[in-house]
Amino acid sequence: MASQTIHDIATKGFDDAQSYDAHRPSYPPAAVASLLGHLGLEGQSGRHILDLAAGTGKFTELLSARPEGYKIIAVEPLDSMRNTLVAKKLPKVDVRPGTAAEMKDVEDGWADGCIVAQTDIFEGLSLWEQELSELNFNEKVDNEPRFRHLLWKKVFDRQAEAEKPFFSTPIETEKITWSIWLTPDALWDRFDTLSWNKLRQGEERRLFREKFDKIIREGDATFNENGEVELHGCTFFVWTSRLNGPE
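Here's what the structure looks like:
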């Protein structure tokens, strides 16, 4: 497979790995259990899991804490992210450099399951959340493909047409919704873990923060007695099974 270069948006936007780890959301236990169940790994002791693009280990630490005692190889290309994960010293977790295209340190056929996990920020249910989402996505369009563009899904669509596919199709999906209470500043810190927001500097960053604050202050957000705003989100996941593929 051809060598791949990590995009500058990732290397620069995710350079502050400690802030990312502190403010990015984790995953709800129900979603973790459901995904492992669909993969045939829930309740299976000692199985091998490859955690690809593991980042700072937001999902890795949930796997490591499971009672099954999984053996985990966490692959992460960015030094800052990988070093933060290594510092956690998670049991039965071997952290290695690499990408989906280059995992020379992982033996073929080693894993019983491969997981790629990415935490999102929110799902806009109320008007203010929709406005914040639009600000987030439309303020600075860089034409880079992201999860929401669903280009990744075309990989599996092509598998459905292949004579000898690598994966079972159609892929199966599930979504679990949740909500959390955050102060406006805590929400900004979470928002600031997005790579393209982290790259904003100077006047551009100041003006963007003004728009962010105005949406929360003047919108229809629900606040509690602690001055926290209710944020709605969802965990969306898909799964498929490996097939033999072409010889």
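Per this note's numbering, the sequence shown runs over residues 1 to 247.
Idealized CB from N, CA, C, for every residue including glycine.
For clarity, every value in this text was computed on a predicted model and none was experimentally measured.
**Request:** Keeping to the same chain, check which residues put their C-beta closer than 6 Å to that of A17; ignore five residues upstream and five downstream.
**Result:** T56, S80, M81, T84
**Request:** Pull up the distance between the alpha-carbon of M1 and that of Q44, whole angstroms please.
**Result:** Caution applies to M1, whose pLDDT of 46 falls short of 50 and renders its modelled position unreliable; the value that the coordinates give is listed next. Their Cα atoms are separated by approximately 32 Å.
**Asked** Is it right to say L273 is buried, meaning 16 or more other beta carbons lie within 10 angstroms of its own, or is it exposed?
**Response** Nothing can be reported for residue 273: it is not among the residues displayed for the chain, which extend from 1 to 247.
**Request:** Identify whether T99 lies in helix, strand or coil by the three-state DSSP scheme.
**Result:** Residue state, collapsed to three classes: coil.
**Request:** Pull up the distance between the alpha-carbon of W152 and that of K211, whole angstroms please.
**Result:** About 31 Å.
**Request:** Could you work out which residue in W110, I73, K89, I115 is closest to R96 when comparing CA atoms only?
**Result:** I73
**Request:** Assign M1 to one of three DSSP states: helix, strand, or coil.
**Result:** Here M1 scores only 46 on pLDDT, less than 50, and its place in the model is too uncertain to base an answer on.
**Request:** Helix, strand or coil for I171, going by three-state DSSP, please let me know.
**Result:** DSSP places I171 outside both helix and strand once states are collapsed to three, so it counts as coil.
**Message:** Between which residues of its own chain and I49 is the CB-CB distance below 8 Å, once the five residues before and five after are set aside?
**Reply:** Hits under 8 Å: L41, L63, Y70, K71, I72, I73, A111, D112, G113, C114, I115.
**Request:** Can you tell me which of the three DSSP states F59 falls into?
**Result:** coil
**Request:** Compare the Cα-Cα distances from A264 to each of L36, A31, P67, D21 and report the closest residue.
**Result:** Past the boundaries of the shown model lies residue 264; the chain is included only from 1 to 247, so the question cannot be answered.
**Request:** Mind checking who S179 pairs with in its DSSP beta bridge?
**Result:** H232
**Prompt:** Could one say the Cβ of R217 lies closer than 9 Å to chain E's Cβ atoms, at least one of them?
**Reply:** Reference to chain E is not applicable here, since this structure consists of a single protein chain.
**Prompt:** What separation, rounded to the nearest whole angstrom, lies between the Cα atoms of S133 and I215?
**Reply:** The alpha-carbon atoms of S133 and I215 are separated by roughly 11 Å.
**Item:** Residues of its chain near A100, where Cβ-Cβ distance is below 7 Å and the 5 sequence neighbours each way are ignored
**Value:** L52
**Prompt:** Which of helix, strand or coil does DSSP assign to W110?
**Reply:** coil
**Asked** Between the Cα of G37 and the Cα atoms of Q201, T173, T183, L182, which residue gives the shortest distance?
**Response** Check the Cα spacing between G37 and each of Q201, T173, T183, L182: the tightest is with T173.
**Request:** Please name the residue or residues paired with F223 in a DSSP beta bridge.
**Result:** V229
**Request:** May I ask which residues mark the beginning and end of the beta strand (DSSP E) holding H48?
**Result:** 48–52
**Message:** By DSSP's criteria, W239 is part of a beta bridge. Which residues make up the other side?
**Reply:** E172
**Request:** Look at R66 and V93 and say whether their C-beta atoms are less than 9 Å apart.
**Result:** Judged by beta-carbon spacing, V93 lies beyond the 9 Å limit of R66, meaning their Cβ atoms are not closer than that value.
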